[in-house]
Every structure is written in C-alpha cells, then in structure tokens.
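*Asks:* Following this message is one structure expressed as structure tokens.
There are 6 protein chains.
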Amino acid sequence: MPASELRPQTPAAAQPPPPLQPSDYEREEEEFVWTQIKAEARRDAESEPALASFLYSTVLSHSSLARSLSFHLGNKLCSSTLLSTLLYDLFLSAFSSDHPLRAATVADLRAARARDPACVSFSHCLLNYKGFLACQAQRVAHKLWNQSRRPLALALQSRISDVFAVDIHPAAKIGKGVLFDHATGVVVGETAVIGNNVSILHHVTLGGTGKAGGDRHPKIGDGVLIGAGATILGNVKIGEGAKIGAGSVVLINVPPRTTAVGNPARLVGGKEKPKEHEEVPGESMDHTSFISEWSGYII
Amino acid sequence: MPASELRPQTPAAAQPPPPLQPSDYEREEEEFVWTQIKAEARRDAESEPALASFLYSTVLSHSSLARSLSFHLGNKLCSSTLLSTLLYDLFLSAFSSDHPLRAATVADLRAARARDPACVSFSHCLLNYKGFLACQAQRVAHKLWNQSRRPLALALQSRISDVFAVDIHPAAKIGKGVLFDHATGVVVGETAVIGNNVSILHHVTLGGTGKAGGDRHPKIGDGVLIGAGATILGNVKIGEGAKIGAGSVVLINVPPRTTAVGNPARLVGGKEKPKEHEEVPGESMDHTSFISEWSGYII
Amino acid sequence: MPASELRPQTPAAAQPPPPLQPSDYEREEEEFVWTQIKAEARRDAESEPALASFLYSTVLSHSSLARSLSFHLGNKLCSSTLLSTLLYDLFLSAFSSDHPLRAATVADLRAARARDPACVSFSHCLLNYKGFLACQAQRVAHKLWNQSRRPLALALQSRISDVFAVDIHPAAKIGKGVLFDHATGVVVGETAVIGNNVSILHHVTLGGTGKAGGDRHPKIGDGVLIGAGATILGNVKIGEGAKIGAGSVVLINVPPRTTAVGNPARLVGGKEKPKEHEEVPGESMDHTSFISEWSGYII
Amino acid sequence: MPASELRPQTPAAAQPPPPLQPSDYEREEEEFVWTQIKAEARRDAESEPALASFLYSTVLSHSSLARSLSFHLGNKLCSSTLLSTLLYDLFLSAFSSDHPLRAATVADLRAARARDPACVSFSHCLLNYKGFLACQAQRVAHKLWNQSRRPLALALQSRISDVFAVDIHPAAKIGKGVLFDHATGVVVGETAVIGNNVSILHHVTLGGTGKAGGDRHPKIGDGVLIGAGATILGNVKIGEGAKIGAGSVVLINVPPRTTAVGNPARLVGGKEKPKEHEEVPGESMDHTSFISEWSGYII
Amino acid sequence: MPASELRPQTPAAAQPPPPLQPSDYEREEEEFVWTQIKAEARRDAESEPALASFLYSTVLSHSSLARSLSFHLGNKLCSSTLLSTLLYDLFLSAFSSDHPLRAATVADLRAARARDPACVSFSHCLLNYKGFLACQAQRVAHKLWNQSRRPLALALQSRISDVFAVDIHPAAKIGKGVLFDHATGVVVGETAVIGNNVSILHHVTLGGTGKAGGDRHPKIGDGVLIGAGATILGNVKIGEGAKIGAGSVVLINVPPRTTAVGNPARLVGGKEKPKEHEEVPGESMDHTSFISEWSGYII
Amino acid sequence: MPASELRPQTPAAAQPPPPLQPSDYEREEEEFVWTQIKAEARRDAESEPALASFLYSTVLSHSSLARSLSFHLGNKLCSSTLLSTLLYDLFLSAFSSDHPLRAATVADLRAARARDPACVSFSHCLLNYKGFLACQAQRVAHKLWNQSRRPLALALQSRISDVFAVDIHPAAKIGKGVLFDHATGVVVGETAVIGNNVSILHHVTLGGTGKAGGDRHPKIGDGVLIGAGATILGNVKIGEGAKIGAGSVVLINVPPRTTAVGNPARLVGGKEKPKEHEEVPGESMDHTSFISEWSGYII
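Residue numbers (the UniProt record's numbering), protein chains in the order written: chain A, 1 to 299; chain B, 1 to 299; chain C, 1 to 299; chain D, 1 to 299; chain E, 1 to 299; chain F, 1 to 299.
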C-alpha cells in the first residue's frame, strides 16, 4: 500500500483512471502464467484421468485466464437462485474489460506460488485456493460497488461468505500480490484497505469499532504479514512491512517494520522504541521467530 | 435474558404456552418490516436487472415474510439428499403456525438494521446475512427438538453448519433481537442460553467443559456484546449488559454491565470492584473503547 | 501417536504394509458399529417420516459402512465439475480395499460417541459431524497423496475446505480414534502428524513457520486435547497426553501430560517443573479445569 | 363427456361453481386410494431398500395425496429457472383448495388401475405414469388459464412438453377418469374437449385446422377410445363410446358407439349405416378386434 | 428453398460467405422483435409474480436477443456432464458473431407468431416452443458441423433429442422462417434440406432409405406444409408450396403446389394431372381442407 | 429370435443359466470395441477442447465399458429423487456381474455402427444414441424384473420414458444386436419379444390388445426391420427377416422374409402367396424400395 493510501482518501471518481491498455509487462506476465497453468493442467490431466474432466472444464477448454477463472468462479459461487451462467457472464465481463483486475489476479497467483510452500503450482492456486478465489470474486464485487451496483455486490459478498467462509465487504480496497492463506474465517470490513504484497492467514479479522458508520476499519500497509487468528479492530494503521502475531488482538497503530503480538497486542521491543526488522514479512512469511522472541521478553 | 433464564430451567412442557395470536404490535411490526423488504427488493430489481430474478424468486413472488424466508432457507440449506421442497415445507409449517418465531425474526431484522452500519436494508439482512439465516433456521430446529423430533433437528444443525459455518445446537435457547454479525465459525453448545438483544461476532464459542453431559454451557444475559473470536466455556453466567472483548477466553462469571477481556479473561477494573458501564453494549456495539482502556490498565 | 512418529520418518514406501486382512477385532468392531448405525437409522426413519428418505438413501439402502460413507461423502463433496459418481467411486474404491482406513473410521465413530456428550448415536456422527466426515475424506486424500496422485488429493482437500471449512493438507498424517469436534476452521499443515485418540476442537491451527518447505508443522502425540481456537505453529512436539488450552498460541514443545495455556502459551506449573496430570485429556475432554487453575496462577 | 359439452360452450364464468365441499363419496374415494398408495409404497420400500428413499420422499413422508402429488410434480417439472419449491407451492395451492381437481386425480388413478393390465398398483401410476402426471399438471395449468394467469399456464405447458413429451394446451378441457396410456407424443390443442372415462394412447393428436383462431379442435365424447398414433383434426365430434383405430387420420364426425379406422378414416360398416357396438371402448380398451374386423371389410 | 438447393449442392466452403454486417432490415427486425419480447416479458412479470423470476433470468436481465436465447438454450440443454456455462458460451459465441443465424431466429419467431393461433406473443415462442428452441440449437450445431467440429455438433444433437424429443442431424440444412409446431418426435436426417417458410408439425420424419451413406434424405421446398405424423423417406423432392397430409407416407417426388396424402401417399387429382393450389400452405397452414377433399375422392 | 422364442416360453427360472464366464470371442469383442471407443474419445478430446471434459468424465476416466456406460446412464437417468450415485451403483453391479448383458451391449454397438450411416463411431453411439442407451437401461430393468425387484424395474422404465421418450416394459425380452434408430416414441409392451439383429425405427409401437392381461404383445423374429411409425398390435408373430413398412398398422402374423405395409397392413404379393426377399432387412436396412414396389401394386 503506497503511503498515499494512508492519507485521507481521494474519492474513487477523482483518481486517475488506469491506462486503457495493459502494459507489455502485464501482458507478458498474464501470458506466462496462463501458459504455465495450461501446461500444468495438461500434465495433471494426463497423469490422473479421474481429474481430467475437471481440468478440461475449468482450464483446458478455455482460451484465456479470464475465461477459465470466470467459469470456475461462476460454478463455485452459483446457487439455485443465482445461476452459474449469470455469474459467469458477470465475471467474464469484468475480467475481460478491466486489465488491472487481471494484473491483480496474476500478481496474487505469483504471490501464492512464491510464499506458500504448500502451493505446488499456479493451477493448484487457481483451482483450489479458496482465499485466492474469494479475493478475485471480491475484486469484481468491489468494481460493482464502485459502479453503484451495490445490491449485486452485496449478493456476491454473501455467496463468497457462504461458499468460502471468507467475508470481505465489497467496499474494502485490496492491493495486488495479496495472499489469503487457508482463508477460512477471514472477515474484512467496509472501510478496510489492504496494501500490496500483504499476506493474511485464516481467521483474521479487520473489524470495525461499533455501530457508527464512517471510516472505521484498519488500513494495512504494503508487505504486512498478519498471522492466523489475529483480530485488528478500528481505523488503525498497520505500517508497511509490519508483522502481526498469530492470535493477537490489535487496537493500536503499528509502525512500519515493527512487530505487534499478544492479546492485547504490544510492540516487540516496547512502545517507545520498538524493534525494527529488515525483511518484508508479507513476503518472507516468517510467522514464528518473532513471536518466540517476544515470548522471551515476557516469560 | 430475564433473570428466570438463569435459574434452573423449567422443562419446556411446563412453560406457559405463547398466546394463540400475535399481539397488534407484533402484527404491525411484521407488516412494517415485510412492506419495507418488498419496497427495497422492488427498488433493487429495477435498478439491477441481473439481480431481479433472484429478488423475485426470493422476495417479490411471495405473499408473506414467512414464505419468503422459508423459500430462501429451503434453497440455501437443501442438499441432494435433503430436498428444497421438503425443507421449504418444514420451514413454512413452522413459521406459519408459530407467531413468536416470526416475531423473533422481525426483532432480529430490526437488530441488524439498527446495530450494524454495514446493513443497508432489511432485505440485505434477510437475503445475505448468514448469521441471521442460521439463527432463523436454528429456531426451527429448536422447535423440532422440543417436539422430540431430534434426528430432524440434528440434521438441520448439520446443514446449517455445512452451509453457513455456524454450528448452534438445536437445544440451545436463543432470545429475540439477536445479531450474529459475520457469524462464520460461531459455535453454541447444547445447554447454552442466549438472552434478548445480544450481539455476537464471528468465531465466538459458547462451549462446554468436557465429556460429561448436563448443564455445561454459558448463559448469556440480555444486551450482552461478545467480541470476535471470544471463547466462553462452561456453565458460567455473563450478566445482563456485560461486554466480552474480542479474542477473550472466559471461564468465569461476568457480573452485569461489566467487561471481561484477555486470555484468560479478567474483569476490567479488577475482580473485586469491576468497572460498570451505563450503556447496553449488545445494542451500542462499542467493540473497542473498553479494550483500549483495559490495555491501558495492563501495559 | 507412537514415539516412532516423532522420530525422523521413514518414507511411506519403506514402512511395513498393513496386514492383508482385518483382524477379527476390527471385523467385529466394524460389524458392531454398522449394525448399530442401521438400527438407529431404522428407528429414526420410523419416527420421523420427513427424514426417512435421507436415512434410506444415506444408510439403509447400503450393504456396508464403506458404501454408506462413500455415498454420503460423494454427495457432500461433489460439485458441478467434480461429479458425485466420480467421488463415490473414488471413496468406495479406497474404503473397500483398505481395511485400516475402515478401522480408523470405526475408531473415530467410537471416539465421538464416547467423548462428545452431544453425540447421541453413531449415525448422528456418521451423517452430521463435519469433523468426522472431513477426517474420513482426508484419509482418502492422504492415500492418494501417497500413491503420487497429488493433483487429485489436492482437489479433494479443496472440496473439503469449501464444504466443511476444514482444511487439512493431504500429506498430514492422522491417527485413529481422532475427534474433530465442531471442526469449523480447523487448519492442519502438510508435515503435521496427529497421533491416536487425539481430540481437537474447532478453529485449531497446526500451522507452519514460513515460506520455507521441509518439516515445519506440529507433531501431536497420542491422547492430546487441543482446545477451541488454539494455534500451534512450527515443528514442535506436543507430548502424549498433553493439553492445550482454548485460545492458546503455542510455539514451544509441550512435554507429555503437561498443560500449555495462554498467548503466548506457557506451561502450567512453569517451564522448569510443569505440573503433570494423570488422565488422558484427549479422552477425558476436560477443557476448562486446567485453564481455571492456570488463571489462578497468573491473576 | 356430457352432451352439454358438445353444445356451444357456456363461458367458464357462467358455469355453476363446484360445491364448496367434496361429497362423502369423493372423500372416501380419496381416502381409500391414498391409503392404498401408502400401503403399496410401504411394502415396496421394505422389499427394495434401493427404492425406499424415493418412496419415502415422494409418498411416505407426505400427509395427503395432494402433498405427495404436488411434491412429485414439482420435482419432475422444475428446471434451473423454475424452481421446484415454486412449482410445489403452485401445485399444492391448487390441489389443496380445489376438491374437484383431487376427485379427477382419484378417478384417473382408478382408470389406470382398471384399464391398463400393466398398471400393477395405484402407486405405480402415481409415481411412474407420465400420462397421468402430465394430465394432473395440465389440470392445474387449466385452472391458472381460467384465472387469467396465462403466461404461467403456458410456461407449465412448456415444462410438461419438455419433460413428458406430452403437449396439452392449458385451455383444453379434460374430464375425469381419463387414461393417457404411455402418453409420449400426445398433442391436444387449445379448443379441444375430452370427456369422462376416455382412453387415449400415445402419439395421439387432437389438432387444429390451420392458422385461424377460434373453436378449431376435436370434441371427444365420454367413454371414447383413441388408438395409438391416431390423428384427429378440426372441430369434429367423436361421439360417446366411439372407437378410433390406431394410426387413423380422422377429419369427420364419428357418431356415438361407432368405429372409425384408416387413413383417411372411414366408419366401420359404412358412412350410411355404421356398425354400432355395445361396450364402452374407453373402458373395455379393446384396441384391435374392430380393426381386424374392418380389415376384413376392405381386404 | 431456392431451386439451387435442389441441384447438386456446392460444398459449403465454395458458397459465397454472408455479408459481414446485417442489413438495415435485419437490424430493424431484430430490434423490433427484441423490443416486443422485452415489453411482453415486462408485462407478464408485472401481472404474474410467480413467473417474474423466470422472466427476468431468461429475458429481462439480458441486453440482447442473442444473450437471452443463449442463456435459455444453455440452461435447457445442459446436463451434469455438459455444463450450462459451456453451452451458454458456445451459443453466445455463435449468435453474436453470425448475423444470418440471428436473422433466421427472428424469421422463425415471426413465423410462429403469424401462423400458429396458439402463439400469443413472441416471448411465448422464445421461452416455451420446443420446436423453435430445437431449431435454433440445431442451427448452431450445423455451424459447428460445417466448421468440422463434428463431435461437438453430434453431442448437441443428442442433447436436443433428449430434452426436446426433436432429432435433427446437425448436417441438415434448414432455411429461415421455419415453424416446427409442437415438434415432439420430429426426425430429420443428415442430408435433408428444408427451405424457407416451411411449416412442419410434430412426429414428422424426413428419413433415409437404408444403410448406404450419401445423399439419401428429402429436400423440402420453400413454403411447404407437412402435416402431423407424416413420414417422407428417401432423396425425394417436395416442390415449393406443396402440402403433405397428416399421417402420410411419402416416397415420391411431389410437384410444386400440389398435395400428397395417404399411406402410401398419392397426389390429389392424380399422378398425371395433380391439382394445383394457389396459396403457400407453409404460411396459410390449412391442414385439413385438402385432406377432406381427397377423402372425397376415395371414399 | 430363435424359433424357441415363438413357442410357449419356458419360465426364466427353468432356462439354462448362461455360462459363468464370457467366451473368448465375447472378451475380444468387448476389448476391441472398448479400445476403439477410447481411441475415438481421445482423438475427439484432442481436437475439441470444449468437449474434452465430457469425454473424460464419460469415457476416458473409466477403466471399462461397463463403468463408462454405468456412469453415463446414471447421470442421464438420475433425478432429484433417484440420485446418480444410486443408479450408477445399480448399473455397475448389473453390467459387472453379467457378461451376457455386456455382450448384448457390444452387439448393439456393432449393429449401430454397421447399419446406421449416420453413426460415425462407436463412441458416438455410446454417448449420443438414446435408442442405444434406453435399450441398455431396459436390459438392466429386465434383469431386476426377473429378480422380482419389480418396483425398481418399473421406476427405471419411468425414468427411461421421461428422459429418452422410449417406453419399454421391463418384462419385454430383447435380443442382441438390436438397433433402435432415433428411438423417440418407441413403445414396447410387457409380453413383447424382440429377436436378435432387429432394427426398429422411431415411433414404433409393439402394443397390446386391450385390458386383459396375459400374453398380448407382438413377437418379433430375428433380423426383422420395422419402419418409422409402424404400429404392431396384439400377440402376432413377425417372422424372421420380415419387413414392416413405415406407418403400417399391423394386426396379423407376417411370415418370414415377407413384407407388410399399409394401414391396415397387407402382405406385399398378397396374403396367399406373399413375395419373399433374400436379404435380412434388419441388417440391410432397406426402408423404402419395398414400399415403392408395393405402392406400385396398389396405385
């Protein structure tokens, strides 16, 4: 999340629109990842006939990542009253026409592959990661929200919450290269902002403060790592490259490159002079060393 | 939760039956809320054709809130072995014949609308809130349980847990005007009692103490607020208007209008003379100020 | 979990294969439990016609526990792109040919019945317990993983995570007589090992340490009890008969028959001379007394 | 078909309404047939576990014939855009409130049982005869048509035609005790009238004369038998107790108790003095003797 | 069917491609019909809430006739192994890119409306006429056949035959403004050709002559009317504006504007000097007068 | 049909059981055809990605023809109250254990390939021919009927009639190498017998004579060809190698190698000295030359 996100936000309408065409880099990235996914799916279909039908219908019969993802999301999120064809159409229309959406998808696939040792391939993430899928669907809901198609955006949120147990408000802003690992139980509120290259584990809450409306949810800076079960409440800033320990309950601002742990969370090294780390934890994914360290402080 | 709930419970059979007819107030409330829901759905159907089919099938084609809700629950909770028609019939029969059930539904809709700033309309809650839907379905399961139709009640519990990731035992007693916000991961045990006007966030557990049967789950008084991820274990009493902080682990009685936070939870202000607050936290929904305060105590 | 599990593991290929035939004890156990299940289902079908169709299709029309369970899992876990017939075939082939798999199923049914006071019958567990069902499906995924059918194993994991909100890596090793109670939100990583007669509550995480591969998840000894919401991270050993308190965050080895509680978790009685208990907590299921005791230590 | 049907029809609105309550005879008939159906279904469920789930869901879980039939029709005729719950509701509302509809159903069940030697039981007809099911659904469509709910009536006609390959216009009037045997390919036009105790084989057309509107389809008297593949075109009268040979093409009035055969159809015995028979062919179901006889005439 | 169709056919590849853009007339026609359909659907949705969901999902939520039709066909023809999203995509891609396909659809809607007195609106035909729907789907299958995507074309034929009981080989050529009335049981062989403005009733067969391949099915000229149950076998020519009586079995060429009736069919007026009629029977739809006339000849 | 079939039938129980094992010829035939089917499906999957998922799920993921066919039939014939898994199990159990059933399937595939010029491959028949599929399902229903599992056999008949519009009583006996071409509208009664190498077109009825039970349906000899729309009524014998013209209505015995045509049907060449042909029409499939010839006789 660039620093600007942490300043009072410019209304969406006032922001410069994205360039009309994807950059060469984006195009190459998308092409590369899609080529990989097809190669992986082809290899898996050959080695495992029982899965081949699934792989052909979800990946190999499609001419682009946008189509494959739209098909998969449409089939996952449909219900007897929200048909797969309708959802497929909705997703396809969004992903086809909005290259920054696709670039975010590609960055998320890269993130899962780079940071999660259990992620054995891009196609594994595309097909099986509920956090990845929930995030892509939320981005489309977010687009609908910004187009003032709010009832539809909220209906999507509800389907995502039912199907994936991931509940992200369509108004929440999510950056690129985000990894929702395992993802079950993630709750992200309406005015939350999540920066780029953030990693968020399951059962994480970015929650509000009460029944008043307004800007009331956390702002998560670029490169932050939030451990499993952490609860962050209120319009607090988690600075770039900060770490939040598993199970922490955070109600305070956390400065960049520092670590907060515990219930209630405190800064490792102390409030006055918190210890700073060098690496970007959202990318290095070191979940535990800092907690051990902190435990050392207090035990 | 009236004090009587906290005393050894009279068996259901011995309790006075509800009046045969809804009161004028109940009738008007139901009429008002249903009229609102239809107006909202009509407005949304007009502005969003992609959602109109969903809104007509779930709301606008129905002649009453009971029918709309039964249809929606039947379609959400059905499976290939428990057909939607069977569940629809079951829900419709319960809601049609039992006006206190309907009054509780109306009170829950009111609660969501009043307390959750993200709840933009009654229909948004009716259609999209898994906590609301799980709670209504549990009330029907509870009715079946009390009619000694226990295998069916347990099958419903299982469907609710699969579909909504909300696991409330059918024997648990739930008051009116209850808000399960986000709701994913809520677990409520067999002998738990939840009073009126309670607000419970996601990942909250009202759990038991072990493998012995008997009365072994928490009793939550009226107006209580339980923060995200709180775990309350055993037959403890959480007094009227108490607050339980997010992420707390509570194994003690919490007196009325006091606050418990932390793992293990302690009373803010201390065990001997806990600080009392004025407002009803289940309604004011102040999730954070008290924790900050408490943090101040211990950091 | 036998001690051998805690030693560097022999590759699966090198382990002695299970005996070709089930022992008499296993056969009798399976027969006994299946006979009970059918009797329970028949009783319930008679008393509750609305459930009879469900009970006949899932239990009473089948000639064995393996068929009933395969049918039920196939119908629960199928999707529009992974058909029930395919999954049924897959499960049936696994359960029919692998008697240790069936013996583990039977032991799990026994465990639920013995330890969970809300479990009123074997059929209640078989039909309605998502933790039980997720565990049986994971065992089949584990078998596929060991047969190098990894894409299929991962697809199963994804379906289990979508449907039950239980996310167990197919490579994780799970013993017999395991109870996943409520189960929503359980996450178990790739190199985790869970011993025999373990009880694990909902929202429990057995997680990794970061983005490096290798042996990085907890090893849970036989008879351990892990309370709701506990997070155990890294390649730590939780010794036989240990208890982990609800909501704890554990990053340390926990010696046999000791108790760890809190965030971060500490041993009850202190690191140097932790208090030892006599009972097997995974079986006695005492979730709270030790925490109260510990609370006493620190408050 | 009473003679009055053959006279210029009184508009539906002008006809005397049916008595408000079923007669004792109707009540007893319905009770008798429903009791039989349940006994048959129970016997079959006991002898054939693989069918028990089907029999419980369609018959044994229901408290009345109206509910069982509505459930079965709702599940047979539903589609992804016309949900089973909606259709169930529609059918149940019609059958519950309209006892002549139910009496016609009972008479049709009696007719199949009495006239079709392959009909082994009432439940066999109720569950498996597409002609019976299409006819019951058409009666409901007819009721909707008369209530000026024509788009819905036509949508039902379309579903019946898709599912059963039986295409009967909702405006067509059908008497009681009618047997559509095999039924595939039956087409009945908008202004056709079918009397009581008529038997109609598969591939029978009661068609119109061209593109002009108005009264343009056949009127079939009581007790008529129409053989397989017969085509009757135009506003012709087939008199009471007449027979139409298989494969005939009929464009003429056929007097009561006479036989028409051939393509184009001629009266057996000649136009001037056709041979009259004694029995009611719609009930005796003699499909062939008369044709042989006729063949004798012309070969 | 222009005379050229009756000459040895030029291979598809050699035919001049259709113009790249629809003509103004086609555009206006499509626009007019689509506007009508939406107005009809809106009116029906308002008057019949039980059908509104269906009408919104199939018509009112779509931005074009091509989308509405593709959605409806995709949902009608899908199966558990050929998903609606896949079929929707296939249909949409064909209809969007091929304006002559859309023009044929519009002409067929016009034909049903003009010739069938039971066709009360364009939307009635679009939504409910299996003959119309089967014909549109066949045209897409025909396009696939010509693109050498034969396995897919044959799979579509199979679905159309299962769902609509209409079995038209994808290689058959069908003109514009064709009405398949009722349609159940229609069979059209591989080398059949059907001209423009033809009307074909149900159970009509355009069949082959035996097991030899090659050009072996009927060629039906423009404006022909084929009555219910007629069977036309072999590579015979049914001249422009000819009529074939219901139930006829035709193995001979039928000259333009003449009538063939009977089994085996003969020309009305005699082989040598058949009677000629003035009107275009495929449009006037006079099914019966000529047969009566003919009956007069032979009785 | 061997002559013995035409004699009073020995009860099934008294017939010699089939040999326990398939002959080498049967084994090789099955192997050959299955190998072909897989090769065809693989070729089609490669050339048509949109169909690959279908081909993998129905053919390429299966290890035998019996499994592939059982899967396909289970998915085609299932309904919301008769699940695909149940039907799959039923079909698989029949085909796996009964090699004569499989040999008949193979002979039918051979017949379609040899006789129908539109049948481009074995897999085309297996996947797309409703006549083939209905016949295989009927054979399983027949087996159930003979095992006194009549309610299940009748439920299957009903599903086959709904899904394929092919209505064959489960008691009817059908030989090997039978081709039901197009098949829509075929009706075959309870006591009908169909010999080997018979070809039957669509809309053919083998019907009964009235409401009396007993042996009342046609017996069709080996090698018979029955044209489209022919109706054969009563316990008549159609001798080996006879032909029945399209649209004929047959109520008489037809001697071997003779031809019957017309309504009512007469023997070509006259009753006394009918013309005999040399070829086996069920195999040569000459549908028309004989009718033309006959037409010559009578026009």
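Yeah, the Cβ is synthetic: ideal placement off N, Cα and C, and Gly gets one too.
1) Please check if any C-beta of chain E sits within less than 8 Å of the C-beta of residue 115 of chain F.
2) Is there a C-beta anywhere in chain C that falls below 8 Å from the one on residue 60 of chain D?
3) Taking C-beta pairs closer than 8 Å, name the residues in chain D that residue 83 of chain B reaches, listed in chain order.
4) Name, please, each residue of chain B whose Cβ falls closer than 7 Å to the Cβ of residue 80 of chain F.
5) If you measure between the beta carbons of residue 194 of chain F and residue 220 of chain F, is that distance less than 8 Å?
6) Would you say the segment 168–187 of chain D touches the segment 133–141 of chain D, given that touching needs at least three Cβ pairs under 8 Å?
7) Do residue 149 of chain C and residue 40 of chain A have their C-beta atoms closer together than 8 Å?
8) For residue 50 of chain A, decide whether its Cβ has a neighbour in chain F, counting only Cβ atoms nearer than 8 Å.
9) Can you list, in chain order, the residues of its chain whose CB lies under 6 Å from that of residue 79 of chain E, leaving out five sequence neighbours each side?
10) Determine the closest residue to residue 275 of chain B out of B:243, B:165, B:59, with distance taken between C-alpha atoms.
11) Would you kindly check if the distance between the Cβ of residue 256 of chain F and the Cβ of residue 234 of chain F is under 8 Å?
12) Using DSSP with H/G/I as helix, E/B as strand and the rest coil, what is residue 295 of chain D?
13) Could you check whether the Cβ of residue 138 of chain C sits closer than 8 Å to any Cβ belonging to chain A?
14) According to the neighbour-count rule (16 or more other Cβ atoms, all chains shown, within 10 Å of its Cβ), is residue 60 of chain F buried or exposed?
15) Look at residue 75 of chain A and residue 155 of chain C and say whether their C-beta atoms are less than 8 Å apart.
16) Can you tell which of D:141, D:227, D:263, D:97 has its C-alpha closest to the C-alpha of residue 201 of chain D?
17) Residue 343 of chain C by DSSP, collapsed to three states: which one?
18) If I measure Cβ to Cβ from residue 224 of chain C and keep anything under 6 Å in the same chain, skipping five residues before and after, which residues do I get?
19) Using the beta-carbon of each residue, which ones in chain E are nearer than 8 Å to residue 70 of chain B?
20) Mind checking whether residue 109 of chain F and residue 204 of chain F have CB atoms under 8 Å apart?
21) Helix, strand or coil for residue 140 of chain A, going by three-state DSSP, please let me know.
22) What's the gap between the Cα of residue 26 of chain F and the Cα of residue 97 of chain F?
23) DSSP three-state call for residue 242 of chain C: helix, strand or coil?
24) Does the beta-carbon of residue 272 of chain F have 16 or more other beta-carbons within 10 angstroms, so that it is buried, or is it exposed?
25) For residue 79 of chain C, which of helix, strand or coil comes out of DSSP?
26) With DSSP as the reference, please indicate the residues paired to residue 232 of chain F in a beta bridge.
27) Of all the CB atoms in chain E, is at least one closer than 8 Å to the CB of residue 21 of chain D?
28) Using 10 angstroms around the beta-carbon of residue 24 of chain B, count the other beta-carbons present and answer buried if the total reaches 16, otherwise exposed.
29) Please report the distance separating the alpha-carbon of residue 285 of chain C from that of residue 211 of chain B.
30) Using beta-carbon positions only, say whether residue 77 of chain C and residue 160 of chain C come within less than 8 Å of one another.
31) How many angstroms separate the CA atom of residue 162 of chain E from the CA atom of residue 158 of chain D?
32) Around the Cβ of residue 126 of chain A, are there at least 16 other Cβ atoms within 10 angstroms (buried) or fewer (exposed)?
33) Our contact map puts residue 105 of chain A next to residue 85 of chain E with C-beta atoms below 8 Å; I'd like the distance itself, whole angstroms only.
34) Within 8 Å of any Cβ in chain F, is that where the Cβ of residue 35 of chain A sits?
*Replies:* Checking against the coordinates, here is how it stands:
1) Yes, contact with chain E.
2) yes
3) 57, 75, 84
4) 83
5) yes
6) Contact between the segment 168–187 of chain D and the segment 133–141 of chain D is present, because at least three Cβ pairs lie under 8 Å.
7) no
8) yes
9) none
10) The residue with the shortest Cα to Cα distance from residue 275 of chain B is B:243.
11) no
12) In this prediction, residue 295 of chain D has a pLDDT of 49, which is less than 50 and means its spatial position is unreliable; nothing more can be read from the coordinates.
13) no
14) Answer is buried; the Cβ neighbour count reaches 16.
15) no
16) D:227
17) Here chain C has residues from 1 to 299 only, and residue 343 of chain C is not among them.
18) The answer, listed in chain order, is 198, 238, 242, 282.
19) Simply none; closest approach about 15 Å.
20) Going by C-beta atoms, residue 109 of chain F is not nearer than 8 Å to residue 204 of chain F.
21) It is helical.
22) 14 Å
23) coil
24) exposed
25) coil
26) F:206, F:250
27) False, the Cβ-Cβ gap to chain E never drops below 8 Å.
28) exposed
29) 5 Å
30) yes
31) 15 Å
32) buried
33) In fact, because the Cβ distance is near 19 Å, the residues do not count as touching under 8 Å.
34) no
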